[in-house]
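Colleague: Sequences listed follow chains S and Z, in order. Note that our numbering has the first sequence beginning at 8, numbered continuously upward. Note that our numbering has the second sequence beginning at 2, numbered continuously upward.
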Amino acid sequence: MAEFLDYFRKERLPHIWCPGCGHGTVTGALVRAIDRLGLDKNNIVLVSGIGCSSRAVGYLDFDTLHTAHGRALAFATGIKHASPNLKVIVMTGDGDCTAIGGNHFIHAARRNIDITTIVMNNSIYGMTSGQYSPTTPHGMLATTAPYGNVEYDFDVCGLAKAAGASYVARATSYHVTLLIDLIEKALQNKGFSVVEALTQCPTYFGRKNKLGGAVETLNWIKDRTVNVKAAAALSPDKLEGKLLIGELYSGQRPEYTASYGEMTAKVQRTYNDYKGGNRGCELNSD
Amino acid sequence: MAETIKLMQGNEACTMGALAAGLQFYAGYPITPSTEIAEMCSEELPKGGGKFIQMEDEIGSIAACIGASLTGKKSMTATSGPGFSLMQECIGYASLCEIPVVIVNCQRMGPSTGMPTSPAQGDVMQARWGTHGDHSVIVLAPGNVKECFELTFKAFELSEKYRVPTFVLTDEVIGHMREKVVMPDPKSYKMPQRAQPSTPAGYKPFEADPDGGVPLMAPFGKGYRWHCTGLFHDETGGPTGKPAKADALLRRLDRKITKNIDEFTDYFAEGLEGCDVAVVSFGSSAMAALSAVRRARKEGKRVGMLRLKTLWPFPDAAVRKLTASAKKIIVPEMNLGQVALEVERVVHGSAEVVKLGKVNGELFHPDEVYAALKEAF
Ligand SMILES: Cc1ncc(C[n+]2csc(CCOP(=O)(O)OP(=O)(O)O)c2C)c(N)n1
Numbered sequence: 008m009a010e011f012l013d014y015f016r017k018e019r020l021p022h023i024w025c026p027g028c029g030h031g032t033v034t035g036a037l038v039r040a041i042d043r044l045g046l047d048k049n050n051i052v053l054v055s056g057i058g059c060s061s062r063a064v065g066y067l068d069f070d071t072l073h074t075a076h077g078r079a080l081a082f083a084t085g086i087k088h089a090s091p092n093l094k095v096i097v098m099t100g101d102g103d104c105t106a107i108g109g110n111h112f113i114h115a116a117r118r119n120i121d122i123t124t125i126v127m128n129n130s131i132y133g134m135t136s137g138q139y140s141p142t143t144p145h146g147m148l149a150t151t152a153p154y155g156n157v158e159y160d161f162d163v164c165g166l167a168k169a170a171g172a173s174y175v176a177r178a179t180s181y182h183v184t185l186l187i188d189l190i191e192k193a194l195q196n197k198g199f200s201v202v203e204a205l206t207q208c209p210t211y212f213g214r215k216n217k218l219g220g221a222v223e224t225l226n227w228i229k230d231r232t233v234n235v236k237a238a239a240a241l242s243p244d245k246l247e248g249k250l251l252i253g254e255l256y257s258g259q260r261p262e263y264t265a266s267y268g269e270m271t272a273k274v275q276r277t278y279n280d281y282k283g284g285n286r287g288c289e290l291n292s293d
Numbered sequence: 002m003a004e005t006i007k008l009m010q011g012n013e014a015c016t017m018g019a020l021a022a023g024l025q026f027y028a029g030y031p032i033t034p035s036t037e038i039a040e041m042c043s044e045e046l047p048k049g050g051g052k053f054i055q056m057e058d059e060i061g062s063i064a065a066c067i068g069a070s071l072t073g074k075k076s077m078t079a080t081s082g083p084g085f086s087l088m089q090e091c092i093g094y095a096s097l098c099e100i101p102v103v104i105v106n107c108q109r110m111g112p113s114t115g116m117p118t119s120p121a122q123g124d125v126m127q128a129r130w131g132t133h134g135d136h137s138v139i140v141l142a143p144g145n146v147k148e149c150f151e152l153t154f155k156a157f158e159l160s161e162k163y164r165v166p167t168f169v170l171t172d173e174v175i176g177h178m179r180e181k182v183v184m185p186d187p188k189s190y191k192m193p194q195r196a197q198p199s200t201p202a203g204y205k206p207f208e209a210d211p212d213g214g215v216p217l218m219a220p221f222g223k224g225y226r227w228h229c230t231g232l233f234h235d236e237t238g239g240p241t242g243k244p245a246k247a248d249a250l251l252r253r254l255d256r257k258i259t260k261n262i263d264e265f266t267d268y269f270a271e272g273l274e275g276c277d278v279a280v281v282s283f284g285s286s287a288m289a290a291l292s293a294v295r296r297a298r299k300e301g302k303r304v305g306m307l308r309l310k311t312l313w314p315f316p317d318a319a320v321r322k323l324t325a326s327a328k329k330i331i332v333p334e335m336n337l338g339q340v341a342l343e344v345e346r347v348v349h350g351s352a353e354v355v356k357l358g359k360v361n362g363e364l365f366h367p368d369e370v371y372a373a374l375k376e377a378f
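1. Would you say the segment 138-155 of chain S touches the segment 64-78 of chain S, given that touching needs at least three Cβ pairs under 8 Å?
2. Can you tell me whether Glu99(Z) sits near ligand 1, meaning its C-beta is under 7 Å from at least one heavy atom of the ligand?
3. Any residues in the segment 232-257 of chain S with a beta carbon nearer than 9 Å to a beta carbon of chain Z? Which ones, in chain order?
4. Nearest CA to the CA of Thr167(Z): which residue from Pro187(Z), Val140(Z) and Gly134(Z)?
5. Tell me the DSSP secondary structure of Trp227(S) in three-state form.
6. Hey, how far is the Cα of Asp277(Z) from the Cα of Lys243(Z)?
7. I want to verify the contact list: residues of chain Z whose CB lies under 8 Å from the CB of Val274(S), in sequence order.
8. Identify whether Met9(Z) lies in helix, strand or coil by the three-state DSSP scheme.
9. Quick one: is Lys48(S) near chain Z, going by C-beta distance under 8 Å?
10. Apply the 10 Å Cβ neighbour rule to Tyr94(Z) and answer buried if 16 or more other Cβ atoms are within range, or exposed otherwise.
11. Hey, Pro193(Z) and Phe157(Z) are a contact pair by Cβ (cut 8 Å); roughly how many whole angstroms apart?
12. Going by other Cβ atoms of all chains shown within 10 Å of its Cβ, with 16 needed for buried, is Leu307(Z) buried or exposed?
13. What residues are listed by DSSP as bridge partners for Asn234(S)?
14. Pull the bridge partners of Gly109(S) from the DSSP assignment, please.
15. What residues in the segment 74-98 of chain Z bring their beta carbon closer than 8 Å to a beta carbon of chain S?
16. In terms of alpha-carbon separation, which member of Gly11(Z), Thr5(Z) and Lys52(Z) lies closest to Leu24(Z)?
17. Can you round the beta-carbon distance between Phe233(Z) and Leu250(Z) to whole angstroms, since I take them to be within the 8 Å contact cut?
18. Less than 7 Å between the CB of Ile228(S) and some heavy atom of ligand 1, yes or no?
19. Against Gly198(S), what residues of chain Z qualify as contacts under a CB-to-CB distance less than 7 Å, listed in chain order?
20. Of the residues Asp121(S), Leu46(S) and Ile125(S), which one's Cα is nearest the Cα of Gly198(S)?
21. DSSP state of Ser318(S), grouped into three classes?
22. Quick check: is any heavy atom of ligand 1 less than 7 Å from the C-beta of Asp101(S)?
23. Spell out the partners DSSP gives Gln55(Z) in its beta bridges.
24. Please report the distance separating the alpha-carbon of Ser266(S) from that of Ala272(S).
25. In this structure, how does DSSP classify Leu217(Z) when only helix, strand and coil are distinguished?
26. Below 8 Å, can you find three or more Cβ-Cβ pairs linking the segment 199-213 of chain S to the segment 227-234 of chain S?
27. Report the three-state DSSP secondary structure of Gln275(S) (helix, strand or coil).
28. Within 8 Å, do at least three Cβ pairs link the segment 3-12 of chain Z to the segment 132-148 of chain S?
29. When the Cα of Val348(Z) is compared with those of Leu357(Z), Glu161(Z), Pro333(Z) and Arg321(Z), which residue comes out closest?
30. Please decide whether Ser90(S) counts as near chain Z, where near means a Cβ-Cβ distance under 8 Å.
31. Which residues in the same chain have their Cβ closer than 8 Å to the Cβ of Leu12(S), if we skip the five residues on either side of it in sequence?
32. Let me know the secondary structure DSSP gives Asp293(S) once reduced to three states.
33. Residues of chain Z with CB closer than 8 Å to the CB of Ile86(S), please, in chain order.
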């Protein structure tokens with residue numbers, strides 16, 4: 008591997024994340040997957056929204072775009088559509104991606120546009136200090152769920168698959184080797200790819216729910232998961248309340264920018280001497 | 002190819018102006034009365050290798066345009082009231098991050114869903130102050146179909162040159178009206194060009210003269226590897242919480258527009274020399290106003306017309322000049338007095354400002370402005 012820190016803007020370190028936060032682990036996994044594939048640094052655009060997780064892009068040495076809360080995928084769609092040769096990667100939080108940005112998420116999946124999305128899911132709004140998110144499990148505590156979360160959480164991967172993503176996988180900041188492998192595969196998929204990385208927020212999620220520190224919060228995440236391969240041999244009661252990790256879906260569907268390119272090529276064959284539009288009607292001279 | 006003469010609709014002329022300026026990317030969401038622009042872009046752009054996308058909402062539309070612009074492509078979206086409201090947060094993003102983008106807002110009656118197919122001019126203040134925080138934008142207001150072409154073209158020039166979100170504020174009548182347009186020979190166009198750095202070595206994405214300079218913009222994907230954030234940032238693009246840096250950034254963004262006002266302020270004037278009464282208007286209201294002014298002038302009244310083509314930054318100097326002779330200034334507009342407020346601020350009591358607001362979803366009739374003129378004399 009190239010020097011790990013060569014992928015970082017060293018002058019921007021140290022990062023803002025709390026001790027024990029899992030976002031750094033996920034960021035590291037992305038960098039390692041990029042390195043393994045030997046992707047050209049100058050051809051990658053990293054896009055994020057707003058949140059602790061979205062701060063990751065500012066530390067990384069690529070063209071990086073830290074956008075508005077929930078909008079990373081919409082900005083990324085513009086980048087990829089306008090310049091399809093760029094490798095576009097989105098780093099987003101559970102709130103950023105599935106609450107305020109939920110609409111862009113399902114539509115990016117529906118288009119199957121070639122963007123790799125890493126959802127850093129810590130089951131909480133970290134940046135605003137611990138409100139419940141669409142992925143906070145039912146009954147868990149948050150600053151806006153002081154009596155336990157009344158709502159039920161999204162299955163982010165199920166949502167992505169149902170909406171049309173062509174590669175869907177889940178890992179955690181505990182299962183780092185798996186996470187790197189899955190991101191590597193996601194980066195190779197020509198289409199909309201989602202890797203959900205369950206990650207610990209000891210400061211707000213762990214402490215509020217009396218899970219202990221970073222290690223205990225990480226273990227709590229680990230204990231919620233079962234590898235999709237192992238799951239095949241387990242009885243349904245053993246899988247009750249568990250989240251599957253591993254590659255959950257991989258399929259082939261037409262990719263948006265490729266389809267648009269084909270349509271454009273056809274249109275251009277018809278209008279091969281296009282001079283910037285010819286609208287309006289001729290005026291009657293009489 | 003020489004110049005061509007065409008009969009076209011305002012929305013059509015906006016589209017043609019954008020294409021003439023080198024539009025490469027359009028993202029939008031359908032909304033009356035702007036939708037024709039999206040429809041035409043979906044048809045025209047692929048012919049020249051450009052890109053169209055219908056996004057899931059207007060927030061996504063402006064976001065996608067900003068993303069496309071960051072890769073160096075000239076980008077535009079078009080919308081109307083409710084959609085313009087949804088775009089506001091990202092307009093602030095484009096303003097702070099200095100990303101060129103053009104927005105056509107074909108105004109309709111608001112607030113809320115309002116009267117979707119009726120003209121209005123109620124977004125004047127929103128166009129200036131719609132997003133939170135002090136910020137810079139430029140707003141142009143065509144008064145006829147020909148100007149839809151010219152001012153959309155100009156919006157690209159200004160947006161690319163000053164790296165600022167630029168709006169073309171039309172309305173339902175201007176957008177749907179059909180008029181003769183003389184389109185210049187495409188060979189005579191001076192294509193709007195964004196100033197770019199020549200080498201990544203030592204590139205600082207937000208480095209510029211603190212007194213209103215415009216930094217050079219590197220497209221993404223060309224080895225510059227720069228950071229763009231909606232947080233306050235220093236010259237390197239990195240977020241900063243330093244009060245001095247924040248202050249310098251916001252003041253530079255303001256100065257880069259205000260110091261160049263004279264370069265792009267544009268208006269139409271008739272009979273202002275020595276007038277006793279002046280009419281200040283814009284867009285489709287100005288059509289009725291001008292006809293009333295001409296009628297009064299034929300009757301020997303000393304009345305003049307100032308039609309604003311640049312709405313923001315507000316053309317203070319042009320309005321202030323009116324007070325050299327005018328004792329009264331009548332401001333017909335399809336709202337409850339938004340431009341009139343600015344006129345009041347500028348003349349500062351040295352002339353009486355008459356707010357002639359119309360908010361019933363109908364155009365002004367020349368008689369209404371004529372009646373106001375009669376009363377003024
Ligand atoms: C429009 C808007 N609404 C609300 C906020 C406040 N806000 C900032 S980050 C955030 C939540 C972030 O949560 P998540 O995406 O899960 O990321 P995390 O911080 O947990 O990594 C919120 C609500 C904002 N910045 N913009």
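The C-beta atom is built at its ideal place from N, Cα and C for all residues, glycine as well. Please read all numbers here as calculations on a predicted model, not as lab measurements.
Modeller: In brief:
1. no
2. no
3. none
4. Val140(Z)
5. helix
6. 52 Å
7. Pro47 and Lys48
8. strand
9. yes
10. buried
11. 4 Å
12. buried
13. Ile252(S)
14. Beta-bridge pairing links Gly109(S) to no other residue.
15. Lys74, Ser76, Glu90, Cys91 and Tyr94
16. Lys52(Z)
17. 6 Å
18. no
19. Within chain Z, no residue comes near Gly198(S); the closest Cβ sits about 17 Å away, beyond 7 Å.
20. Asp121(S)
21. As shown, chain S starts at 8 and ends at 293. That puts residue 318(S) outside it, with no answer to give.
22. yes
23. Gly29(Z)
24. 10 Å
25. coil
26. yes
27. helix
28. no
29. Arg321(Z)
30. yes
31. none
32. Confidence at Asp293(S) is low in this model, with a pLDDT of 46, below 50, so its placement is unreliable and the value that follows should be read with caution. Coil at Asp293(S), not helix or strand.
33. Gly68, Ala69, Leu71, Thr72 and Phe221
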